[in-house]
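Enquirer: With UniProt numbering applied, the sequence shown covers 1 to 105. Virtual Cβ for every residue (Gly too), placed ideally from N, Cα, C. Submitted below is the structure of interest, expressed as structure tokens.
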Amino acid sequence: MTDIQAARRPAFEPTHPGVLLRDTVLPAIGLSVTAAAERLGVSRQALHAILAEKAAVSPEMAARLARLCGNSPDLWLRMQQNRDLWRVERDMAEELGHIEPAKAA
């Protein structure tokens with residue numbers, strides 16, 4: 001039996017999905033933050049927190065963004081997950097280094 005190897009994380013921090021939304025998507029579809037929030041059915045403050053990288057994209061928000069943008073919720077969730085995991089592995093590097101990987105018998 002072979003050892004299962006974890007995928008290596010990139011050396012750079014993955015982009016927060018709010019950056020893509022703020023810098024690319026909203027300008028491309030010609031919506032202001034207020035107009036986008038209204039269409040999404042969320043408060044302007046909730047959307048602004050994502051655009052400012054202060055809040056994560058939840059599964060509910062991912063579904064809303066996918067509907068607005070005509071893409072998949074998976075895109076938004078994968079971006080958020082990649083960033084979250086990158087940060088956790090960076091912040092816990094020392095602690096994780098003390099865990100001995102299990103070997104197949």
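Indicate the three-state DSSP secondary structure (helix, strand or coil) for G70 in the structure shown.
Expert: It is coil, neither helix nor strand.
Enquirer: Taking its Cβ as the centre, do 16 or more other Cβ atoms sit within 10 Å of Q45, making it buried, or is it exposed?
Expert: Per the 10 Å Cβ criterion, exposed.
Enquirer: Under 6 Å Cβ to Cβ from A56, same chain only, skipping five residues before and after it: list those, please.
Expert: Once the five neighbours on either side are set aside, the close Cβ partners of A56 are Q80.
Enquirer: How many Å lie between E38 and G70 at the Cα?
Expert: The alpha-carbon atoms of E38 and G70 are separated by roughly 17 Å.
Enquirer: In its own chain, which residues sit with a C-beta less than 6 Å from the C-beta of P17, not counting the 5 before and 5 after it?
Expert: Excluding residues within five positions, the ones whose Cβ falls inside 6 Å are V57, W76, M79 and Q80.
Enquirer: Should I99 be labelled buried (16 or more other beta-carbon atoms within 10 Å of its own) or exposed?
Expert: Under this definition I99 is an exposed residue.
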